[in-house]
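Asker: First, the structure itself, so that you have it in front of you.
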Amino acid sequence: MARAATDDTALFEYALRLGDNCLILGHRVSEWCGHSPVLEEDIALANVALDLIGQTQLWLGLAGEIEGQWREGGGRSADDLAFLRDAGAFRNLLLVEQPNGDFGKTLARQFLFDAWHNAMLGALQGSADKRAAEIAEKAAKEVAYHLNRSRDLVVRLGDGTAESHSRMQRALDDLWFYTGELFLADEVDAAMLAAGIGPDLDDIRAQWDAEIDRTLKQATLRRPDSGHVQKGGKRGVHSEHLGYVLAEMQFLQRAYPGARW
Amino acid sequence: MARAATDDTALFEYALRLGDNCLILGHRVSEWCGHSPVLEEDIALANVALDLIGQTQLWLGLAGEIEGQWREGGGRSADDLAFLRDAGAFRNLLLVEQPNGDFGKTLARQFLFDAWHNAMLGALQGSADKRAAEIAEKAAKEVAYHLNRSRDLVVRLGDGTAESHSRMQRALDDLWFYTGELFLADEVDAAMLAAGIGPDLDDIRAQWDAEIDRTLKQATLRRPDSGHVQKGGKRGVHSEHLGYVLAEMQFLQRAYPGARW
Amino acid sequence: DPQERAFQERIDAGIKIEPKDWMPEGYRKTLIRQISQHAHSEIVGQLPEGNWITRAPTLERKAILLAKVQDEAGHGLYLYCAAETLGVSRDQLTEQLLSGKAKYSSIFNYPTLTWADIGAIGWLVDGAAIMNQVPLQRCSFGPYSRAMIRVCKEESFHQRQGYDIMMKLCQGTPEQKAMAQDALNRWWWPSLMMFGPSDAESVHSAQSMAWKIKLNSNDELRQKFVDQTVPQAEYLGLTVPDPDLKWNEDKGGYDYGEIDWAEFFEVIKGNGPCNRERMAARVKAHEDGAWFREGLMAHAEKQAERRRNAAA
Amino acid sequence: DPQERAFQERIDAGIKIEPKDWMPEGYRKTLIRQISQHAHSEIVGQLPEGNWITRAPTLERKAILLAKVQDEAGHGLYLYCAAETLGVSRDQLTEQLLSGKAKYSSIFNYPTLTWADIGAIGWLVDGAAIMNQVPLQRCSFGPYSRAMIRVCKEESFHQRQGYDIMMKLCQGTPEQKAMAQDALNRWWWPSLMMFGPSDAESVHSAQSMAWKIKLNSNDELRQKFVDQTVPQAEYLGLTVPDPDLKWNEDKGGYDYGEIDWAEFFEVIKGNGPCNRERMAARVKAHEDGAWFREGLMAHAEKQAERRRNAAA
Chain A
1052 MARAATDDTA LFEYALRLGD NCLILGHRVS EWCGHSPVLE EDIALANVAL
1102 DLIGQTQLWL GLAGEIEGQW REGGGRSADD LAFLRDAGAF RNLLLVEQPN
1152 GDFGKTLARQ FLFDAWHNAM LGALQGSADK RAAEIAEKAA KEVAYHLNRS
1202 RDLVVRLGDG TAESHSRMQR ALDDLWFYTG ELFLADEVDA AMLAAGIGPD
1252 LDDIRAQWDA EIDRTLKQAT LRRPDSGHVQ KGGKRGVHSE HLGYVLAEMQ
1302 FLQRAYPGAR W
Chain B
1052 MARAATDDTA LFEYALRLGD NCLILGHRVS EWCGHSPVLE EDIALANVAL
1102 DLIGQTQLWL GLAGEIEGQW REGGGRSADD LAFLRDAGAF RNLLLVEQPN
1152 GDFGKTLARQ FLFDAWHNAM LGALQGSADK RAAEIAEKAA KEVAYHLNRS
1202 RDLVVRLGDG TAESHSRMQR ALDDLWFYTG ELFLADEVDA AMLAAGIGPD
1252 LDDIRAQWDA EIDRTLKQAT LRRPDSGHVQ KGGKRGVHSE HLGYVLAEMQ
1302 FLQRAYPGAR W
Chain C
4 DPQERAFQER IDAGIKIEPK DWMPEGYRKT LIRQISQHAH SEIVGQLPEG
54 NWITRAPTLE RKAILLAKVQ DEAGHGLYLY CAAETLGVSR DQLTEQLLSG
104 KAKYSSIFNY PTLTWADIGA IGWLVDGAAI MNQVPLQRCS FGPYSRAMIR
154 VCKEESFHQR QGYDIMMKLC QGTPEQKAMA QDALNRWWWP SLMMFGPSDA
204 ESVHSAQSMA WKIKLNSNDE LRQKFVDQTV PQAEYLGLTV PDPDLKWNED
254 KGGYDYGEID WAEFFEVIKG NGPCNRERMA ARVKAHEDGA WFREGLMAHA
304 EKQAERRRNA AA
Chain D
4 DPQERAFQER IDAGIKIEPK DWMPEGYRKT LIRQISQHAH SEIVGQLPEG
54 NWITRAPTLE RKAILLAKVQ DEAGHGLYLY CAAETLGVSR DQLTEQLLSG
104 KAKYSSIFNY PTLTWADIGA IGWLVDGAAI MNQVPLQRCS FGPYSRAMIR
154 VCKEESFHQR QGYDIMMKLC QGTPEQKAMA QDALNRWWWP SLMMFGPSDA
204 ESVHSAQSMA WKIKLNSNDE LRQKFVDQTV PQAEYLGLTV PDPDLKWNED
254 KGGYDYGEID WAEFFEVIKG NGPCNRERMA ARVKAHEDGA WFREGLMAHA
304 EKQAERRRNA AA
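Structure (structure tokens):
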């Protein structure tokens, strides 16, 4: 059954958002390779980055497939989408592009994202779009592991030394600013919800809130006060950080146009 | 009078080296904009960077002019040379691409380079190549000021607090490794010397040594032991840092090929 | 108070007040606040533009941008000097900035996301700043008036350079033109906010006007800015992101839409996209630079000591 | 010494030595040094390759490289475990690495300057490593032998991936092929140096051979590596940067030029292009991570305490 063109535009955007989150967070996490506090973390972080890059391939692959329905010359490949868009065309959440900071900030960012990602993928497994449901099913297994790991570390460090506690609290306080956007539905989210493809972000928020509250309690950490919602990533208005990420990530593809690797 | 083609190849390389030193150090220095320890330093560093970028335009302009003698379609513009070469085609000294580190390291790098640059430009004002002599004359005035400033600060910080002394000493120790290359003549230097275009690097070293020894003594700093000479920049074999500098610097030109700005 | 009356009479007569002259405490305080806010804005203003120096697209553009950011630091310097003539030290002012006690222009809490933002800042932000600052060349306090004369000269240069960047983009590829439009979309409203709240809601205004340290109302300057800028946007072929914008023949100026003051006050409160980053950058620069400043001071003391010993 | 004789007889009979078995102090020490050097090499070896993860040219290449670097960290982990069975802790070994007391393979003191270096490392460096490690699968110490079996399986995978990168580059644009040739030029000689000094100058060799913790001579392995690699370079259409390289029919292998051992010893001494950066990166990771490790320990203690209290 042919889907209406408007839905497909929204689905294209939706797949980009999911893929770009994975790509940009995967990039950030991979910056730690060889520089983390213990060998086990080097391994775990490389593994998380690897999963996220794999998921990027799937979501951006889907985006390109959808785009092929209207774009002359066919939809772009996942690589073209990853390496040949400038920042304003990226659709990731502001949260995932924030700099690594210390290891505590990296972990807090991961936990805040994993809790959202896990809830999203849980819901997306029942998506009316089969392709999205299949990707979500595969990714959900990986992300459940990511969440177990980041949650566990947040608890251990929150309830560790005074220093580890205060570092984790500061990390949460700094990043909280960017969490509102995770649940801010716009017309794309509304279209996906209406089409039975994507979940209601209010439901996701409820799951996320429960996860966060339970974990922070265990970690003896304070939930930051809700405040101003910083937004923009989902419509391509990012922080100043993303441009630097892309300059680095895209260098080879930009400097050697058309080359195959 | 027509110059022999071989000399011109060497002169092209020579102009690239001089220009690339200015471009890469100018880039590094400009990274401090708005982040330096006092307002006066923000101003001074922006000024040094500005001078260096101006000198880059002159030297790379000369390189392109020379290249026009043999390159089909004419020589490349200074901008094309700056923004469209990959790291292996850059000819700057390893010293200038080293990361900023703390402000002490940035200053030490500047002083070590200024002392060389000043001696080089002094000699180049008598170059048999008029164009080079003219550029050198203009640049020499600016660089004399750079050297006065960096020398003065090295003295004040070396002979300041215990901490400022030890930071400056550490900076010198770290960077010394890269100073041998400043005086290591290769076939290009030899050709330039033979053509009366460039100076004898042994003379430059003597001037540099005198400047360094006099200043370090006043600064109560120890001249690091001469050791292994780290080299490669002049023939395009750089450190891992240069690739990141270029990815950032060249992003717009790479991402929007052919656009005019 | 006869002293105050005499003071006001001098102002009314257009005589400049100089640092050593008697002045009311309120005049001094208001000026310190105003000049130091302006100085802080120049300092923080280095950051959004500095963000593109290493990525400027040509050597010429890089040089121009470096020179501009250098000018801003220079403006900061003379403004701090002007404030110092009122009996406050630069260290005190810096401490107020870094502790969050003092404000700086909210516009610098927006990010520079593309090269076009550098154009838009020059064109719109410096444009609005000039609109504010030109009258201040005639302000009653001598050092501030003189600083403004110097600042305005450089700012108008910056504005032309910014407009030139926009022009090049608008004459460029479709992608470049889109970049320019996007920058206008993001900077237009924050630029209008630079003139501050509507006169009705503006505090201190009447007294500042009487003292001639504020010479025009916020709304008056904002209107002038809109009237000047809209034709410039048209010339570029760009669309001002305001559906309510239209020429009003009667008033001989443009009517424009409602400003989102809720956003303005959020940014002032610290919730703009970059407030934290800007402050964090300044605090880090200051803290990381402590050893440097202490080193220089220690050296100066040693030198003084040596001179004393030599003299003895 | 009858104990030593019995030990040697077990080795000669091909019986594996296990951690709880008696062993001569020299055997233990040599093994600890060898295994920990190998482990340290895996750890430091993450850095040159990690340098290109964020810049890998496709998502697929990025994933492969991430997996490879992850494998290396994993190898480090089982090698540290193997060393721990000999009575030395990972903390001790880490301390030795960070203080500069312990060595790691000098090859990782060379920089990765282009994407082709990632191909060259896989092809040449992993190729040389495998050549060293394959025989060690049969080494006399059980845990080391078993670790080597696992490591070799993964390394040969890495080598194929590296060769595949080179292949793609050599089939690519002229610029890409030049990149590949440049990488071969820079990595060829350091790869040959990975086998260590000539047998004549190699210390410890005879005893290690008898103990079966070294199974082939350095020169023997180097020759095998050259013989295997030269045809691979030819297949790629690349030129090995050795004018003296030529096939020697009599010995059924290649003759190759003089290795610059002065360079080798300079790099060992700490003067390679990246020695300082590699060590600085590891020291920084360790120091910056202290709070993290302490936090986890404190939490574990708290948990243990809570369990004790609950049990009481």
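Heads up: the sequence lines are chains A, B, C and D, in that order.
Residue numbering for the first sequence follows our numbering, starting at 1052 and increasing by one per position.
Residue numbering for the second sequence follows our numbering, starting at 1052 and increasing by one per position.
Residue numbering for the third sequence follows our numbering, starting at 4 and increasing by one per position.
Residue numbering for the fourth sequence follows our numbering, starting at 4 and increasing by one per position.
Just so it is clear, CB atoms sit at the ideal spot from N, CA and C, and this is done for glycine as well.
My output table needs one value for I56(D): the three-state DSSP class, helix, strand or coil.
Answerer: Here I56(D) sits in coil by DSSP.
Asker: Is it right to say I18(D) is buried, meaning 16 or more other beta carbons lie within 10 angstroms of its own, or is it exposed?
Answerer: By the 10 Å Cβ count, I18(D) comes out exposed.
Asker: What are the start and end residues of the beta strand (DSSP E) that includes W190(C)?
Answerer: First-last for W190(C): 177–196, but that is the alpha helix (DSSP H), not the beta strand (DSSP E).
Asker: Work out the CA separation of L1103(B) and Q1176(B) for me, nearest whole Å.
Answerer: Looking at the two C-alpha atoms, the distance is approximately 17 Å.
Asker: Let me check understanding here. Comparing Cα to Cα, which of Q136(C), Q140(C), A150(C), H43(C) lies closest to N112(C)?
Answerer: When each option's Cα is compared against that of N112(C), the closest is H43(C).
Asker: Where A1055(B) and Q1120(B) are concerned, what is the direct C-alpha to C-alpha distance, given to the nearest angstrom?
Answerer: Its pLDDT being 47, under 50, A1055(B) is placed unreliably by the model, and the measurement read from it follows with that caveat. Those two C-alpha atoms are separated by around 11 Å.
Asker: Suppose you measure from the CA of A1061(A) to the CA of I1186(A); what does that come to, to the nearest Å?
Answerer: Each residue's alpha carbon lies about 17 Å from the other.
Asker: Quick one: list the residues of chain A neighbouring F10(D), beta-carbon separation under 8 Å, in chain order.
Answerer: Result: empty, since nearest Cβ-Cβ is about 32 Å, beyond 8 Å.
Asker: Residues of chain C with CB closer than 8 Å to the CB of M1300(B), please, in chain order.
Answerer: Result: T57, R58.
Asker: Take P138(D) and list the residues in its own chain whose beta-carbon comes closer than 6 Å to its own, dropping the five residues that flank it on each side.
Answerer: Once the five neighbours on either side are set aside, the close Cβ partners of P138(D) are L218, N219.
Asker: Once the 5 residues before and after E290(C) are set aside, which same chain residues still bring their CB inside 7 Å of it?
Answerer: Nothing listed; no residue qualifies.
Asker: Taking Cβ positions, are W55(C) and T115(C) nearer each other than 7 Å?
Answerer: Yes, Cβ-Cβ distance for W55(C) and T115(C) is below 7 Å.
Asker: Three-state secondary structure (DSSP) at G353(C)?
Answerer: For residue 353(C) there is no data in the structure shown, the boundaries of chain C being 4 and 315.
Asker: W1227(B) lies in the alpha helix (DSSP H); which residues open and close that run?
Answerer: Looking at the DSSP string, the run of the alpha helix (DSSP H) that includes W1227(B) is 1213–1227.
Asker: Just to confirm the assignment, what range does the beta strand (DSSP E) spanning W250(D) have?
Answerer: 249–251 is the extent of the beta strand (DSSP E) around W250(D).
Asker: Go through the stretch 215–289 of chain C residue by residue and report every complete run of the beta strand (DSSP E) that reaches 3 residues or more, in order.
Answerer: Whole beta strand (DSSP E) segments, 3+ residues: 249–251, 256–258.
Asker: When the Cα atoms are used, what is the spatial distance from R1311(B) to K171(C)?
Answerer: Near 7 Å, if we compare the C-alpha coordinates of K171(C) and R1311(B).
Asker: If you run the structure through DSSP and keep just helix, strand and coil, what is I18(C)?
Answerer: Note: I18(C) maps to coil in three-state DSSP.
Asker: Can you tell me which of Q1149(B), C1084(B), A1133(B) puts its alpha carbon nearest to the alpha carbon of G1314(B)?
Answerer: With chain B covering 1052 to 1312 only, the question about residue 1314(B) has no answer from this structure.
Asker: According to DSSP, is M1052(B) part of a helix, a strand, or is it coil?
Answerer: Any reading at M1052(B) must be qualified, since the residue scores a pLDDT of 37, below 50, and its modelled position is unreliable; the value itself is stated next. Coil.
Asker: Using only alpha-carbon positions, find the residue among I46(C), W192(C), L224(C) that is nearest to Q73(C).
Answerer: That would be I46(C), whose Cα lies nearest to the Cα of Q73(C).
Asker: Here's the rule I'm using: 16 or more other beta-carbon atoms within 10 Å means buried, otherwise exposed. How should Q174(C) be labelled?
Answerer: Q174(C) is exposed by the Cβ-count criterion.
Asker: Verify the CB distance criterion: does K71(D) have a CB-CB separation below 7 Å to chain A?
Answerer: No, K71(D) lies away from the interface with chain A (no Cβ there is under 7 Å from its Cβ).
Asker: Determine, for D1137(B), whether the minimum Cβ-Cβ distance to residues of chain A falls below 7 Å.
Answerer: Yes, its Cβ sits closer than 7 Å to a Cβ of chain A.
Asker: Once DSSP output is grouped into helix, strand and coil, what is the label at F1141(A)?
Answerer: F1141(A): coil per DSSP, three-state reduction.
Asker: Measure from the C-beta of I20(D) to each C-beta in chain B and report whether the shortest distance is under 7 Å.
Answerer: Not closer than 7 Å to any Cβ of chain B, the Cβ of I20(D) fails to qualify, so no.
Asker: For a contact meaning CB atoms closer than 7 Å, what does A1306(A) contact in chain B?
Answerer: D1137, R1305, listed in chain order.
Asker: Please report how far the alpha carbon of D1071(A) lies from the alpha carbon of L195(D), in whole angstroms.
Answerer: Looking at the two C-alpha atoms, the distance is approximately 42 Å.
Asker: What is the residue span of the alpha helix (DSSP H) that M134(D) lies within?
Answerer: Start and end: 129–139.
Asker: Just to check my reading of the structure: G1126(A) and G1115(A) have Cβ atoms closer than 8 Å, yes? What is that Cβ distance to the nearest angstrom?
Answerer: G1126(A) to G1115(A), Cβ: 4 Å. Contact.
Asker: Are there three or more Cβ pairs, one per stretch, closer than 8 Å when the stretch 234–251 of chain D is compared with the stretch 181–190 of chain D?
Answerer: Judged by Cβ distances under 8 Å, the stretch 234–251 of chain D makes contact with the stretch 181–190 of chain D, as three or more pairs qualify.
Asker: Entirely within the stretch 40–128 of chain D and at least 4 residues each: give me those alpha helix (DSSP H) ranges in chain order.
Answerer: With a minimum length of 4 residues, the continuous alpha helix (DSSP H) runs that stay inside the stretch 40–128 of chain D are 62–87, 93–101, 118–123.
Asker: On the DSSP letters alone, give me the boundaries of the alpha helix (DSSP H) that A1159(B) sits inside.
Answerer: Residues 1154–1175.
Asker: Give every residue of the same chain whose Cβ lies closer than 6 Å to the Cβ of Y81(D), excluding the five residues on either side of it in the sequence, and list them in chain order.
Answerer: Counting only Cβ-Cβ distances below 6 Å, and skipping sequence neighbours, we find A150.
Asker: Leaving out five residues on either side along the sequence, give the residues of the same chain with a beta carbon under 8 Å from the beta carbon of M1219(A).
Answerer: Only G1155, L1158, A1159, V1205, L1208, G1209, A1270, L1272 meet the Cβ criterion.
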